[in-house]
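Asks: Residue numbering for the sequence shown follows the numbering used here, beginning at 378 and increasing consecutively. Idealized CB from N, CA, C, for every residue including glycine. Note that the structure is predicted; figures quoted are calculated from it, not measured.
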Amino acid sequence: NQESYGIRKKVAVNAITLLSNKDSIFFPLKQSNVQHKIAYIGIGINKENAFVRRMKADFDAAVCLMDFSINNTDSMLKIADSIAGIYKHVIIGIHQTNRAPANNFGISTTALQFISRLQQKSKTMLLLFGNAYAAKNWCDADNLAVCYEDDSIVNNVAVDLLEGFSPFKGVLPVSVCDSYKFGYGIKTS
């Protein structure tokens, strides 16, 4: 169906939900706003997707991709410290999560510790490309958005929203934690 792309894009624009936006540097994200080069950390993937390609093209972002099977916590924390030492602004994408909640949606403990370390040491924006319930892992994140799906259309719309080409409009269809209940979402202009 030739019209499905436009409909899917419209759904993504209206669905992606901003849950936290404490650092104005990310809203909108512009290369001129950032004093240092941007890093994109794609967790759950091991090859470039549309989001990675846009981050490279639009921001000349340094990219680090890692899947959930990595379980050497000490090494990962050292990598997080290294990234934080070089890049003051880090976009983190959580990709290819399981739809079912078993084993924390497939998100490893090592990945959670890695993300936590990055959040402690850098200004971070976390984008969850999957089940909204998985956001329970980041209820205290300074900057967080739920994108619900992980395909090229959603990836491109997420970058457009970060860059301020259109506002965040979405609201949560579920309750995730005390801070993020059904119907919650920050709308931007």
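(1) Between Gln497, Leu406, Lys399, which has its C-alpha nearest alanine 535's C-alpha?
(2) Tell me, please, which residues DSSP counts as bridged to isoleucine 484.
(3) Sort Val467, Leu505, Ser459 by Cα distance to cysteine 524 and report the nearest one.
(4) To the nearest angstrom, how far is it from the Cα of alanine 416 to the Cα of phenylalanine 428?
(5) What are the boundary residues of the alpha helix (DSSP H) that alanine 585 is part of?
(6) Less than 8 Å between C-beta atoms, sequence neighbours within five positions excluded: which residues of the same chain meet that for tyrosine 557?
(7) According to DSSP, simplified to helix, strand and coil, what is asparagine 532?
Replies: So, to answer that:
(1) Locating residue 535 in the sequence shown gives position 158, where the first residue counts as 1. Per the Cα distances, Leu406.
(2) Residue numbering aside, residue 484 sits at position 107 when the sequence shown is read from its first letter. In the DSSP output, where bridge partners are listed per residue, isoleucine 484 has none listed.
(3) Position 147 of the sequence shown, counted from the start, is the residue given in the question as residue 524. Nearest of Val467, Leu505, Ser459 to cysteine 524, Cα basis: Leu505.
(4) Numbered from 1 along the sequence shown, position 39 holds the residue referred to as residue 416. Numbered from 1 along the sequence shown, position 51 holds the residue referred to as residue 428. For alanine 416 and phenylalanine 428, the distance between alpha carbons rounds to 13 Å.
(5) The first residue shown for the chain is 378 and the last is 566, placing residue 585 beyond what the model contains.
(6) Sequence index remark: in the sequence shown, residue 557 carries index 180 (1-based). Around tyrosine 557: Leu396, Ala512, Cys516, Leu549.
(7) As a working mapping, residue 532 is identified with position 155 in the sequence shown. Of the three classes helix, strand and coil, the one that applies to asparagine 532 here is helix, per DSSP.
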